[in-house]
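Enquirer:
The following block contains the structure:
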């Protein structure tokens, strides 16, 4: 079947990456000036009329030989030995994040590989959109770039495997305009052993393990997965967690079972969970002394019309500060009691949505938005069980809401050496 | 200085593009909507004009469950069985 892709000029790099990953780099892409959405239909039909001749030619004329697919320079390459020049070179290759990086020399990568029992040529995952082969060696090379230590490597490998799980929908996470990036949550004894921070300023700077593990995953997704900012990664804004986004659950300060135990692992097992997450948004509540009142505050931060979770579903994450968690668990509330109440209270009247959005959401989530009775509401997740709750952070009367991309599920993997 | 390639290789396998028909005379054109706002407006207008200009037999539209989710195998098979050429959409 002869096929032509229509898109906007802004999305050309992504369209090119997609057709290359399909092994068809010569597949014609015909573009109109950006955007298509959010403009009157008459403006769209005018754009359509301007490209008909090009589409007709693309459908009926031979596009010529396709270039070779695949790529990659091979297992090793030459790079500038001077450390400052190396930074410039790395950015020119599209492999940096803007911060200084450590050259992944063969010696350093070999040392990094000593942190795992897995073979260097073992393929942990194939990463989209580029279909990059995330060999353990390539993962180690990016771990070196990020400043990680050999003992961090098993966590990073497990995070890569989790992100490649189909449930995570990495293709969308990598290429969407939405501001999301994999948040890495660590559970179990490995957090303490590696110094993965779970206390005060948990989502901030200052903890080396958190910084380098999150950064390594990000660089792997960019470099192996081929999601370069402004090219295949189409984020309108992105968010600061795209440099690094990693935390441990503060299990010692939690009144409830940890996330890993909820998901069927034992307390002695170490796990990594990845979520397709936005930046954290603060939940300030200095006064509440009952679970119901904490719920009121948490749910009101969730209940917003501009959230992906409200129409795409997914799993908004509440990172409860230990003091809020203690209040929420008083009166004998379980974690399920808490999330059921939060979900129940996270309702937004459909009357609060713009009519054009109701029309759009009705095609995506008809049960929630199509032909609903007066007074109907939308909630921050499709089901109360989709509200994720972990306990982390230090002293203080704050929690954080971390919404997700929506069309993604968090994935938890056991960390193995 | 030798470094290990941080991009690794790609598993994408080169494939051959389908042969193009010499004209659209008598063919069915498939439209695969990516479900982004106004994508259907663009695709339908291009399809309509192509049919008029190229003498296509018909224009038929298919959809995806969401813009961030791929088309189902069933839909792709239907398109392959029903149409000779296809237009798909990417972008906002």
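Protein chains in written order, with the numbering used here: chain P, 4 to 420; chain A, 43 to 134. From the three backbone atoms N, C-alpha and C, an ideal C-beta is built for every residue, glycine too.
(1) Give the DSSP-derived three-state secondary structure of residue 84/P in the structure shown.
(2) Taking DSSP as the reference, what is the three-state secondary structure of residue 351/P?
(3) Would you say residue 229/P lies against chain A (beta-carbon separation less than 9 Å)?
(4) Determine whether the Cβ of residue 126/A lies closer than 9 Å to any Cβ atom of chain P.
(5) Where does residue 225/P land, buried or exposed, given buried means 16+ other C-beta within 10 angstroms?
(6) If you reduce the DSSP assignment to three classes, tell me which class residue 394/P lands in.
(7) Starting from residue 58/P, find everything on chain A with Cβ-Cβ shorter than 8 Å and list it in chain order.
(8) Could you give the first and the last residue of the continuous beta strand (DSSP E) run that contains residue 109/P?
(9) Specify, as a first and last residue, the run of the alpha helix (DSSP H) that residue 304/P falls within.
(10) Which word fits residue 17/P, buried or exposed, when buried means at least 16 other C-beta atoms lie within 10 angstroms of its C-beta?
(11) What does DSSP give as the partner residues of residue 190/P in its beta bridges?
(12) Going by Cα to Cα distance, which pick from 345/P, 324/P, 128/P is closest to residue 318/P?
(13) Going by CA-CA distance only, name the one from 306/P, 333/P, 155/P, 211/P that's closest to residue 321/P.
(14) Using a Cβ distance threshold of 8 Å, determine whether the region 212–221 of chain P contacts the region 177–191 of chain P, with at least three qualifying pairs required.
(15) Leaving aside the five residues before and after residue 375/P along the sequence, list all residues of the same chain whose C-beta is less than 7 Å from its C-beta, in chain order.
(16) Residue 37/P to residue 180/P, Cα distance in whole Å?
(17) Which partner residues of residue 285/P appear in the DSSP bridge assignment?
(18) Quick check: is the beta carbon of residue 96/A nearer than 9 Å to any beta carbon in chain P?
(19) Have a look at residue 161/P and residue 415/P and give me their C-alpha separation to the nearest angstrom.
(20) From 170/P, 202/P, 220/P, pick the residue whose C-alpha is nearest to that of residue 137/P; which is it?
(21) Check the Cβ of residue 78/A against every Cβ in chain P and list those closer than 9 Å, keeping chain order.
(22) Nearest to residue 413/P by alpha carbon, out of 184/P, 159/P, 171/P, 123/P?
(23) Taking 9 Å as the CB-CB cut-off, is residue 272/P touching chain A?
(24) Taking C-beta pairs closer than 9 Å, name the residues in chain B that residue 117/A reaches, listed in chain order.
(25) Three or more C-beta pairs under 8 Å: does that hold for the region 122–132 of chain P against the region 278–290 of chain P?
(26) Residue 319/P touches chain A at which residues, Cβ-Cβ below 8 Å?
(27) Let me make sure I understand the geometry here. Which of 228/P, 268/P, 236/P, 182/P has the alpha-carbon closest to that of residue 248/P?
(28) Let's test the definition: count the other Cβ atoms within 10 Å of the Cβ of residue 94/P and tell me whether it reaches 16, buried, or not, exposed.
(29) Count the CB pairs spanning the region 392–407 of chain P and the region 137–151 of chain P that are closer than 8 Å, and state whether there are at least three.
(30) Give a yes or no on whether the minimum CB-CB distance between residue 122/A and chain P is below 9 Å.
(31) What does residue 65/P reach in chain A if we use C-beta pairs closer than 7 Å?
(32) What residue from 80/A, 104/A, 50/A has the CA that sits closest to residue 71/A's CA?
Expert: Result, derived from the coordinates:
(1) coil
(2) strand
(3) yes
(4) yes
(5) buried
(6) strand
(7) 88, 92, 129
(8) Segment 109–116 is the alpha helix (DSSP H) holding residue 109/P; no beta strand (DSSP E) there.
(9) 294–305
(10) buried
(11) 274/P
(12) 345/P
(13) 306/P
(14) yes
(15) 353
(16) 13 Å
(17) 403/P
(18) yes
(19) 9 Å
(20) 220/P
(21) 39, 40
(22) 171/P
(23) no
(24) Considering every chain present, this structure includes no chain B. Its protein chains are P and A.
(25) no
(26) Those within 8 Å of residue 319/P in chain A number zero; the least Cβ separation is about 17 Å.
(27) 182/P
(28) exposed
(29) no
(30) yes
(31) 62
(32) 104/A
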